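Engineer: I am attaching a structure below and will ask some questions about it afterwards.
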Amino acid sequence: MHEPQIIQQEPEKAYLVAVTVRGSRPLLSMQDSLSELQLLAKTAGISVVGQATQVVQNIDPATFVGSGKLEEIQQQLIELSAQSVIFDDELTPRHQREIEKRLGENIKVLDRTTLILDIFAQHAQTREGSLQVELAQYEYRLPRLTRQWTHLSRQTGGSGSKAGVGLRGPGETQLEVDKREIGRRISKLKSDLDGVRQHRSRHRQQRSRSGVPVVALVGYTNAGKSTLLNAITGADVYVADQLFATLDPTTRRVELPSGRNVVFTDTVGFIQKLPTTLIASFRATLEEVTEADLLLHVVDTSHPNVLQHIEAVEDTLAEIDVPMIPRILVWNKSDRLKNVEIPALETQEGYFAQVRVSAQTKQGLDELLQTVERALNIALKHATLLLPYDRGDILSLLFAQSAIKSQEHTPEGVKVVVQLPPDLYERLKIYQVKTK
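What follows is the structure in structure tokens.
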């Protein structure tokens with residue numbers, strides 16, 4: 033009996049287009065941004081066969097690049113047998129419609145946002161991640177329902193559509209029906225994500241009551257956050273040398289050198305020009321960052337644009353209204369640049385410390401954990417508590433979640449001098465005794 037033949041489908045061929053406005057000061061140079069777009073395409077399983085760049089005085093209101101340049105691109109698409117063109121910026125609905133019309137039905141028109149949404153859709157593993165991606169996709173596509181839907185608008189009669197979105201009313205086009213149905217789906221997704229947010233909030237409150245500090249890892253995509261989490265905790269978070277290899281947040285308990293327990297949370301990586309629809313949709317996940325006690329900003333020391341990556345992450349943190357939580361700058365992948373100084377930052381405002389590590393070789397991890405402990409200790413409250421002998425549970429909690437300086441057995445109970453997290457300090461105020 034012959035084994036069935038598996039036919040390998042060739043990857044889609046794409047042509048990349050980057051435009052910069054003369055006099056503007058983008059975070060990355062046009063060529064560096066285009067290189068990043070090529071990595072995004074590779075991550076999405078797309079083969080890049082060519083690229084074009086253009087410096088313009090102003091973005092063309094109709095075709096983005098201008099009619100002449102678009103004709104050049106069209107010719108290149110034909111010569112290279114490309115099926116799609118990807119723009120390194122978010123196209124407006126008008127640009128999308130006009131470019132599609134000029135290039136014809138056989139060419140798929142994508143932009144950076146569409147590409148990132150596609151990667152997120154491929155990498156979402158949990159129900160929460162899938163909900164967030166689906167919401168972002170619908171909100172992005174709703175104002176852009178154009179050519180791919182026009183075959184539906186030509187249908188007639190009152191029967192259900194091929195898209196399965198219900199019946200049309202008198203004089204109503206299929207496009208209007210589809211838009212209304214997508215609006216309903218967006219409302220349902222938002223409702224489901226509100227449930228996720230409430231669940232996360234309850235979970236954070238439980239963690240807060242237990243006094244366990246939360247350390248959130250943030251950073252530019254592919255900076256090595258997941259590898260660092262694996263190295264510190266022995267976790268098995270998926271790691272790959274690609275952009276957005278992990279999407280769903282991962283939480284692991286870590287024991288610091290003093291024996292104190294903390295929780296490390298890995299979050300989705302950031303990138304320049306991160307779509308606003310994604311930031312809004314992932315707010316439930318990103319709230320883990322806003323509620324953290326300490327941020328580890330992980331950067332790829334070996335990347336030529338590392339300083340720009342730091343700026344992009346800081347800009348995104350500001351966009352999601354992250355308060356001035358203490359931050360440690362973690363220079364990862366330092367094994368790739370032996371005997372090279374860490375790049376100088378113009379400002380270190382907001383950073384408690386900087387630590388050089390290699391998650392791959394586990395170099396510098398002990399120093400990192402000691403620095404984490406020092407940063408968390410700054411927020412600790414000093415207290416002397418007198419605990420009844422029947423409250424051994426509180427004593428166990430103190431050993432796990434605080435720094436005990438001394439303990440003494442007295443006739444009234446166990447007297448402990450301790451440094452407490454603020455939340456635990458408030459809970460145990462009733463056991464506090466005044467010291468002379």
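By the count of our numbering, the sequence shown reaches residue 468 at its end, each step adding exactly one.
Cβ atoms here follow ideal geometry from the backbone N, Cα and C, with glycine treated the same way.
Computed from a predicted structure; not experimentally measured.
1. Between the Cα of Ser27 and those of Ala385, Tyr421, Lys413, His441, spot the shortest distance and give me the residue it belongs to.
2. Label Ile78 either buried or exposed according to how many other C-beta atoms from any shown protein chain fall within 10 Å of its C-beta, with 16 as the threshold for buried.
3. For a test of the three-state rule: what should DSSP assign to Asn254, helix, strand or coil?
4. Which residue wins for smallest C-alpha separation from Gly82, given the options Ala46, Ser56, Thr52, Val209?
5. Do Gln86 and Lys74 have their C-beta atoms closer together than 8 angstroms?
6. Which residues mark the beginning and the end of the beta strand (DSSP E) in which Asn364 is found?
7. For Arg368, does the three-state DSSP call read helix, strand or coil?
8. Grouping DSSP H, G and I as helix and E and B as strand, with all else coil, what is Leu199?
9. Compute the Euclidean distance between the alpha carbons of Leu149 and Glu346, then round it to the nearest angstrom.
10. Whole-angstrom Cβ separation of Trp363 and Val404, contact assumed at under 8 angstroms?
11. Which residues does DSSP pair with Thr442 in a beta bridge?
12. If we count Cβ pairs, one from each stretch, closer than 8 angstroms, do we get three or more for the region 245 to 265 versus the region 208 to 226?
13. What's the C-alpha gap between Tyr172 and Val450?
14. Distance check for Leu349 and Val247, CA to CA, integer angstroms please.
15. So what's Ser116 in DSSP terms, helix, strand or just coil?
16. Taking a contact to mean a Cβ-Cβ separation below 8 angstroms, would you say Leu59 touches Asp120 in this structure?
17. Could you spell out the range, first to last residue, of the alpha helix (DSSP H) harbouring Ser56?
18. Consult DSSP for Glu351 and reduce its assignment to one of helix, strand or coil.
19. By Cβ distance below 6 angstroms, which residues in the same chain neighbour Gln164 in space, the five residues on each side in sequence not counted?
20. Determine which residues share a DSSP beta bridge with Lys74 and list them.
21. Per DSSP, what are the beta-bridge partners of His329 in this structure?
22. Helix, strand or coil: which one does DSSP assign to Glu122?
23. Going straight from the alpha carbon of Val117 to that of Val80, what length do you get?
24. Helix or strand or just coil, what does DSSP make of Asn262?
25. Which residues mark the beginning and the end of the alpha helix (DSSP H) in which Val165 is found?
26. For the alpha helix (DSSP H) containing Glu103, name the first residue and the last one.
27. Please work out which residues of its chain come closer than 8 angstroms, Cβ to Cβ, to Gly218, disregarding the five sequence neighbours upstream and downstream, and give them in chain order.
28. Can you list, in chain order, the residues of its chain with a C-beta nearer than 8 angstroms to that of Leu318? Leave out the 5 residues immediately preceding and following it.
29. From what residue to what residue does the alpha helix (DSSP H) around Arg292 run?
30. Can the beta-carbon of Val321 be found less than 8 angstroms from the beta-carbon of Val244?
31. How would you label Glu378, buried or exposed, when you count the other beta carbons within 10 angstroms and need 16 or more for buried?
32. At the level of alpha carbons, what is the spacing between Leu306 and Asn90?
Structural biologist: Walking through what the data contain:
1. No answer is possible for residue 27: the residues shown for the chain start at 33 and end at 468.
2. buried
3. coil
4. Ala46
5. no
6. 359 to 364
7. helix
8. Per-residue confidence for Leu199 stands at a pLDDT of 47, beneath the threshold of 50, marking its modelled position as unreliable; the derived number appears in the next sentence. Note: Leu199 maps to coil in three-state DSSP.
9. 22 angstroms
10. With 8 angstroms as the limit, Trp363 and Val404 do not qualify as a contact, their Cβ atoms being about 15 angstroms apart.
11. Gly445
12. no
13. 52 angstroms
14. 15 angstroms
15. strand
16. no
17. Unbroken run through Ser56: none, as it is neither H nor E.
18. helix
19. Ser313, Phe314
20. Partner(s): none; Lys74 has no beta bridge.
21. Val250, Leu361
22. coil
23. 10 angstroms
24. helix
25. 159 to 173
26. 99 to 111
27. The residue you asked about is not Gly; residue 218 is Ile in the sequence shown. So the list reads Leu167, Tyr170, Glu171, Leu174, once near-sequence residues are dropped.
28. Thr299, Val300, Ile311, Ile352
29. No alpha helix (DSSP H) holds Arg292; DSSP gives it neither H nor E.
30. no
31. Legend: pLDDT at Glu378 = 48, less than 50; position of this residue unreliable, value from coordinates given subsequently. The residue is exposed, with fewer than 16 neighbouring Cβ atoms inside 10 Å.
32. 22 angstroms
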